[in-house]
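Residue numbers for the sequence shown, in mature numbering (1 follows the signal peptide of the UniProt record, and there is no 0): -25 to -1, 1 to 242.
Virtual Cβ for every residue (Gly too), placed ideally from N, Cα, C.
Quick caveat, the model's predicted, so the values are computed rather than measured.
Below is one structure, written out as structure tokens; comments come after it.
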Amino acid sequence: MTYTPKRWIRLGLGAALLGTAGLSACGGEGGEAGETAIASPAGAAQSGEMAGEMGEGEGGEGAVAPLDPALLVPVDQRAAMIASEAAVGAALSRAGERDAAAGHFRLAISEIKPGGLSRLVEKGLDPDLFDAAVEALEDGAGPLETETAVAAVETNVDELQANAGGDTVELIIFLMKRCENAYRSGVTFSNEIDNPVAYQKAWGYAVTAQELANKLDPEEASGLQLELKMLVLMWPAEGPVSGDVPAPPSTFLSQLSRIGLELSTLE
């Protein structure tokens, strides 16, 4: 097994050490900030995005307006984030959790201000389809109408990701960092879900990373594909549904470290 220094730098030493830094940070305190077992492949963009997502709001007179996060994050990464939210929305919709599903479809778009949508729309994003899915879920549309609206979003997300492009391995690293951050925020070290939305987001990042990995050559990425499959299996087959007992954070971080090791072997 060959380990690429470039990958080690981007993954972070913690990925090889079972996410030790992550273990001490678990418990939901600090949200999605702090050290992670898998480091971001685009630190500056990630920092800007987090500042945008956590610091949005109306400023006082003379205050500098916060930058739109969509202008700070590369299109391929933003597309992957939207795909993750859409995956959660679709899974929860099919599990009958309509309100939670609508919330994730709304989150997929609402975190991006109107001015930041243009790059994504150019790549095929159709925000109206997300609005239609939210409307169907919240207005009590029938199963067929709801599923049609949800499936339309999924098709649109596939188109968006195909057009946005990006390096698959780098996108998986990006998603794994966000998955870890969300899990930390959602699950306490005593193994309780104290932020359901963050816990659901973590599943979305994991399953989107798995889908990306499955597009890689199995001869080169079979180990990564297996480890991502094992990560997704930490949630129920239906997705991040209510009533689930989460995997212990130590188990979750240990699995992330194995994914990190596999990622480090890929060019």
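- DSSP places serine 229 inside the alpha helix (DSSP H), whose first and last residues are 224 to 238.
- Within a 10 Å sphere around the beta-carbon of aspartate 51 sit 16 or more other beta-carbons, which makes this residue buried.
- With a cutoff of 8 Å on beta-carbon distance, alanine 126 and alanine 107 are scored as not near each other.
- Between leucine 228 and glycine 71, the alpha-carbon positions lie close to 30 Å from each other.
- In this structure, DSSP gives valine 172 a helical state, which the three-state scheme calls helix.
- Per the C-alpha coordinates, the member of Glu186, Leu203, Ile57 positioned closest to lysine 98 is Ile57.
- The beta carbons of isoleucine 147 and alanine 173 sit about 20 Å from each other, so the pair does not count as a contact at 8 Å.
- Straight-line spacing of the CA atoms in alanine 184 and alanine 65 works out to 16 Å.
- A contact is defined here as three or more CB-CB pairs under 8 Å, and the segment 217 to 224 meets this definition with respect to the segment 159 to 175.
- With a contact defined as Cβ atoms closer than 8 Å, leucine 104 and asparagine 138 miss out at about 15 Å.
- Shown here, valine 216 sits in coil according to DSSP, grouped into three states, outside any helix or strand.
- The beta-carbon distance between serine 59 and leucine 150, rounded to whole angstroms, is 7 Å. This is short enough to meet the 8 Å contact definition.
- Around the Cβ of alanine 212, a 10 Å sphere holds fewer than 16 other Cβ atoms; the residue is exposed.
- The DSSP-derived three-state label of valine 125 is helix.
- Taking C-beta atoms under 8 Å as the contact rule, leucine 206 and isoleucine 234 qualify, at a distance of about 6 Å.
- Straight-line measurement puts the Cα of proline 102 at about 21 Å from the Cα of glycine 141.
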